[in-house]
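K.L.:
Structure in structure tokens, see below.
Number of protein chains: 2
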Amino acid sequence: MYRINDCYQKLPGSYLFSTIARKVAAFTEANPDKPVIRMGIGDVTQPLTDPVIKALHKAVDEMADGATFRGYAPDLGYAFLRDAIAEHDFRERGCAIEPDEIFVSDGAKCDSGNIQELFSTDNKIAVCDPVYPVYVDSNVMAGRAGTYDKETGCWSDVIYMPCTEENGFIADLPKERPDIIYLCFPNNPTGAAITKDQLQNWVDYANKNGCVIIFDAAYEAYISEENIPHSIYECAGAKTCAIEIRSFSKNAGFTGVRLGYTVIPKALKCGDVSLHDMWARRHGTKYNGAPYIIQRAGEACYTEEGRASIRGLVDYYMENARMIYGSLKDMGYTVYGGVNSPYIWLKTPDHMSSWEFFDYLLEKANVVGTPGSGFGPSGEGYFRLTAFGTHDNSKAALERMAKL
Amino acid sequence: MYRINDCYQKLPGSYLFSTIARKVAAFTEANPDKPVIRMGIGDVTQPLTDPVIKALHKAVDEMADGATFRGYAPDLGYAFLRDAIAEHDFRERGCAIEPDEIFVSDGAKCDSGNIQELFSTDNKIAVCDPVYPVYVDSNVMAGRAGTYDKETGCWSDVIYMPCTEENGFIADLPKERPDIIYLCFPNNPTGAAITKDQLQNWVDYANKNGCVIIFDAAYEAYISEENIPHSIYECAGAKTCAIEIRSFSKNAGFTGVRLGYTVIPKALKCGDVSLHDMWARRHGTKYNGAPYIIQRAGEACYTEEGRASIRGLVDYYMENARMIYGSLKDMGYTVYGGVNSPYIWLKTPDHMSSWEFFDYLLEKANVVGTPGSGFGPSGEGYFRLTAFGTHDNSKAALERMAKL
């Protein structure tokens, strides 16, 4: 009999957001008269902007004509998009990233999940705690996490780097040397941002200790303060130790459009093996490029008009973030995030556990958030709310919470 | 220092089609006056059909309006598409596949490459020889293939099942029991089709021997003869041993649009572990759904108008296939395929090797095909031509070949 990859069996329960979806579905079925406001999963609500819509229609028309029809895309992405990314996301910020160091994909989640394939299964990963579940779960599936301890919520072979009120939700350098370090800033779920000096420390640590950093910058568009790096390549030496993953989901509202990219500098080598070449080989073997029409939509995000329209989207959500942050503070909650991030991280009141507060909020206010403990043991006692709702819904949710 | 997945280092040369692309680019640069006709990579040339274009525009318009905007898709695909697939691709053919046994993805290549993750790395795979390179390469990357022998072109831990003139390019049952069996019918690259009785033998063998079959049915739309199964689920017992992978690339011309799906029946279990649940978990963790607008394009392929338009596309390419097959035969070539498949599989003349014939055809006729040896050792001495060109190009290529 064939045998399965039994690492899958080690995964406890189901993926966080699936569990939430199930709980909300059960509540809604039992209470059809109580409309629920969703501030849980980080899904956007505002429509695509005009420049993107125009680009999509134009590209669709091209696909209707034999003279302009496009079949298989280049595995690594069309040059028109990679050029625009290199110029606007990197060179304009002083980062010398070349277009052929950019790998276009159908989203940051896929890249976050797949990137671990490049590494040996005996490498040790370090993650911030709390953390986006995909980093850990994809390593569990690959057999890199060891065994799960139900009591602590920890995997035996994963190095957890607590992000707490004490360290301002910026992890300290790990005591034990990891091989692979996952960092996400502005952070999901805490909303914390890292300063350039702090990130430089990580880069220096990685180069000194032979670690590779997987830097998730999906939320960089939400940075509003100075001295917060938008890319890890703003730090000296990052090109020899860091991979960066970016998304179009949260800035341009592409959660249902699917576009992202990963940067692997050519200078990133393990001995004489180029990780850039390895990822190119993976893309060539297991991937077939992002859809042409969607790469054109991505390109439209970088025109002057496109950038202004995306700034408008980000401003819309950040207005929510300010409102949520301020209102919760007024209600007496202890709140973090929301300044350089669309996420508000709040301390549950009255020593409730994260899931207790989830149930409480769902039942009493019909508001859905995400339990902090779902992101890791140090998330226990916290709760994440997102600013991706409409203004009206966000306001209504706060009014309901104020009445509790 | 972190360590890489050194299985990548075992892969010889680069992916077949990348090598061809490099050779063609070099030729074109050296001979800018000699326009090349491409009959190598299986990329389509005809534009998307009207019903698909209309569906794309409509879906783009929905994304422009807050009331109809769609964010994250359901991980496993929208119900509107899964229902249409279940109805038209399966139930109409008498296969009892439920919509929730269908996992929508961004293409058959990704699914073909990723599916092996569900299995233990000590499982042994069996592949037809010649074969679509993704099956073997993705298993090499996972460490399931052993070591590569340059002399034979074989991996030590892979069971090769030769498909030759003698067996009509339908592999015999393997002498050594494999765990995972990859089958692709109508076949890429040989163009051979399998009868229902022949496929039933494989299903019976798999059930009896505890094997799982990964059945790639990407070319089912090209079946023109009776008694050739369009789905492996036409065979009794397939639901307990087979996974089927499907594509919209070759029937609806979606090579640049990216849409496919994989069927994992709920009855497919390894002991008490459901492979369906494992794949759902993988999708939930490492994938974020196919784009909404593209799923709507997929749905449009199943309306009456859509199906007629796709039949038109398939007929267009099959007209090419008939012409290529007939002309090559008239020129004295030994040719196979082309009847239930868009691929023509020809024997190289004068005992040339596959790559010798590739170079000869590129240099003398400026026609690009695919060397059979690129698909495996038994492909040596063969050459694949595709029918996916325009009528004019296909005709012109044949005229050039006739002059050799």
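Chains A and B are the protein sequences, given in the same order.
Count the first sequence with the working numbering and you get residues 4 to 407, in order.
Count the second sequence with the working numbering and you get residues 4 to 407, in order.
Quick reminder that beta carbons are idealized off the backbone N, C-alpha and C, glycines included.
Taking only runs that begin and end inside the stretch 150-181 of chain A, name each unbroken alpha helix (DSSP H) of 4 or more residues, in chain order.
P.N.:
Correct list: empty.
K.L.:
I'd like the span of the alpha helix (DSSP H) that includes alanine 300 (chain B), first residue to last.
P.N.:
It spans 295-303 - the alpha helix (DSSP H) in which alanine 300 (chain B) sits, taken as one unbroken run.
K.L.:
Is DSSP giving threonine 389 (chain A) helix, strand or coil here?
P.N.:
Threonine 389 (chain A) falls in the strand class under three-state DSSP.
K.L.:
If the cut is a Cβ gap below 8 Å, which residues of chain B does glutamine 49 (chain A) touch?
P.N.:
The contacting residues are Gly69 and Phe72.
K.L.:
Just to make sure I have the definition right: I need the residues of chain A whose C-beta is within less than 7 Å of the C-beta of serine 21 (chain B). Which are they?
P.N.:
Those within 7 Å of serine 21 (chain B) in chain A are Gly287.
K.L.:
Starting from the C-beta of glycine 149 (chain B), find all residues in its chain whose C-beta is less than 6 Å away, skip the five residues before and the five after it, and write them out in chain order.
P.N.:
Within the same chain, glycine 149 (chain B) has close Cβ partners Trp158, Ser159 and Asp160.
K.L.:
Mapping DSSP to helix, strand and coil, what is glycine 30 (chain B)?
P.N.:
Sequence inspection shows phenylalanine at residue 30 (chain B); the glycine mentioned does not correspond to that position. Three-state DSSP puts phenylalanine 30 (chain B) in a helix.
K.L.:
Can you give me the C-alpha to C-alpha distance between valine 55 (chain B) and valine 63 (chain A), rounded to a whole angstrom?
P.N.:
Each residue's Cα considered, the two are about 10 Å apart.
K.L.:
Can you list, in chain order, the residues of its chain with a C-beta nearer than 6 Å to that of threonine 265 (chain A)? Leave out the 5 residues immediately preceding and following it.
P.N.:
Same-chain partners within the cutoff: Phe106, Asp114 and Ile248.
K.L.:
Can you look up isoleucine 226 (chain B) in the DSSP assignment and give me helix, strand or coil?
P.N.:
Three-state DSSP puts isoleucine 226 (chain B) in coil, outside helix and strand.
K.L.:
Could you check whether the stretch 34-48 of chain B touches the stretch 385-393 of chain B, counting it as contact only if at least three pairs of C-beta atoms, one from each stretch, sit closer than 8 Å?
P.N.:
Yes: the two stretches touch, three or more of their Cβ pairs being nearer than 8 Å.
K.L.:
What would DSSP say about lysine 350 (chain B), mapped onto helix, strand or coil?
P.N.:
If DSSP states are grouped into helix, strand and coil, lysine 350 (chain B) belongs with the strands.
K.L.:
Does alanine 293 (chain B) pass the burial test, meaning 16 or more other C-beta atoms within 10 Å, or should it be called exposed?
P.N.:
Buried, because 16 or more other Cβ atoms sit within 10 Å of the Cβ of alanine 293 (chain B).
K.L.:
Could you compute how far the alpha carbon of glutamate 179 (chain B) sits from the alpha carbon of tyrosine 208 (chain B)?
P.N.:
Whole-angstrom Cα-Cα distance: 12 Å.
K.L.:
Would you mind telling me which residues of chain B sit closer than 8 Å to arginine 6 (chain A), beta carbon to beta carbon, in chain order?
P.N.:
Per Cβ cutoff of 8 Å: Phe122, Ser123, Asp125, Asn126, Asp182 and Cys273.
K.L.:
Can you tell me the Cβ-Cβ gap for serine 252 (chain B) and alanine 111 (chain B), rounded? I've got them flagged as a contact below 8 Å.
P.N.:
Yes, they are in contact, since the Cβ atoms of serine 252 (chain B) and alanine 111 (chain B) sit about 7 Å apart, within 8 Å.
K.L.:
Does any heavy atom of the ligand SAM sit closer than 7 Å to the C-beta of valine 134 (chain A)?
P.N.:
As far as ligands go, the structure on display features none, and thus does not contain the ligand SAM.
K.L.:
Run down chain B in chain order and give the residues with a C-beta less than 8 Å from the C-beta of cysteine 214 (chain A).
P.N.:
Chain B residues near cysteine 214 (chain A): Tyr5.
K.L.:
Which word fits leucine 407 (chain B), buried or exposed, when buried means at least 16 other C-beta atoms lie within 10 angstroms of its C-beta?
P.N.:
Counting Cβ neighbours within 10 Å, leucine 407 (chain B) comes out exposed, since fewer than 16 surround it.
K.L.:
Taking the beta carbon of arginine 286 (chain A) as the centre, do at least 16 other beta carbons fall within 10 Å, making it buried, or is it exposed?
P.N.:
It is worth fixing the name first, because residue 286 (chain A) is histidine in this sequence and not arginine. That one is buried.
K.L.:
From leucine 51 (chain A) to serine 381 (chain B), what does the alpha carbon distance come to, in whole angstroms?
P.N.:
Cα-Cα distance, rounded: 51 Å.
K.L.:
Whole beta strand (DSSP E) runs in the stretch 304-361 of chain B with 3 or more residues, listed along the chain?
P.N.:
If we require 3 residues or more, the beta strand (DSSP E) runs fully inside the stretch 304-361 of chain B come out as 338-340 and 346-350.
K.L.:
Who are glycine 122 (chain A)'s beta bridge partners in DSSP?
P.N.:
Here residue 122 (chain A) turns out to be phenylalanine, not glycine, going by the sequence shown. Beta-bridge pairing links phenylalanine 122 (chain A) to B:Ile7.
K.L.:
Since alanine 245 (chain A) sits in a beta bridge, which residues does DSSP pair it with?
P.N.:
Answer is A:Ile216, bridged to alanine 245 (chain A).
K.L.:
Quick check: the Cα distance between phenylalanine 83 (chain B) and valine 260 (chain B), rounded to an integer number of angstroms?
P.N.:
The straight-line gap from Cα to Cα measures roughly 18 Å.
K.L.:
Under 8 Å by Cβ, that's how I've got lysine 242 (chain B) and alanine 283 (chain B) pegged, so tell me the actual separation to the nearest angstrom.
P.N.:
The Cβ separation is near 17 Å, so there is no contact.
K.L.:
Measure how close the beta-carbons of cysteine 98 (chain B) and cysteine 131 (chain B) come, nearest whole angstrom, since I'm counting them as under 8 Å.
P.N.:
Actually they are not in contact, since the Cβ atoms of cysteine 98 (chain B) and cysteine 131 (chain B) sit about 23 Å apart, beyond 8 Å.
K.L.:
Here's the rule: buried if 16 or more other CB atoms are within 10 angstroms of the residue's CB, otherwise exposed. What is glycine 34 (chain B)?
P.N.:
The sequence given here has asparagine at residue 34 (chain B), not glycine. Asparagine 34 (chain B) is exposed by the Cβ-count criterion.
K.L.:
Counting C-beta neighbours from all protein chains within 10 Å, is the total for lysine 153 (chain B) 16 or more, i.e. buried, or is it exposed?
P.N.:
It counts as exposed.
K.L.:
Examine chain A for any beta-carbon lying closer than 8 Å to the beta-carbon of isoleucine 297 (chain B), and answer yes or no.
P.N.:
So, interface residue.
K.L.:
Per DSSP, what are the beta-bridge partners of tyrosine 264 (chain B) in this structure?
P.N.:
DSSP output for tyrosine 264 (chain B) lists B:Val107 and B:Arg249 as bridge partner(s).
K.L.:
Using the Cβ count rule (16 or more neighbours within 10 Å means buried), how would you classify glutamine 12 (chain B)?
P.N.:
Flag for glutamine 12 (chain B) reads exposed.
K.L.:
Please confirm whether methionine 334 (chain B) and serine 397 (chain B) have their CB atoms less than 8 Å apart.
P.N.:
Not a contact, by the Cβ cut-off of 8 Å.
K.L.:
CA-CA distance, tyrosine 290 (chain A) and isoleucine 162 (chain B)?
P.N.:
About 25 Å.
K.L.:
On the DSSP letters alone, give me the boundaries of the beta strand (DSSP E) that valine 130 (chain B) sits inside.
P.N.:
Looking at the DSSP string, the run of the beta strand (DSSP E) that includes valine 130 (chain B) is 128-132.
K.L.:
If we count the other Cβ atoms within 10 Å of its Cβ and call it buried at 16 or more, is glycine 340 (chain A) buried or exposed?
P.N.:
So glycine 340 (chain A) counts as buried.
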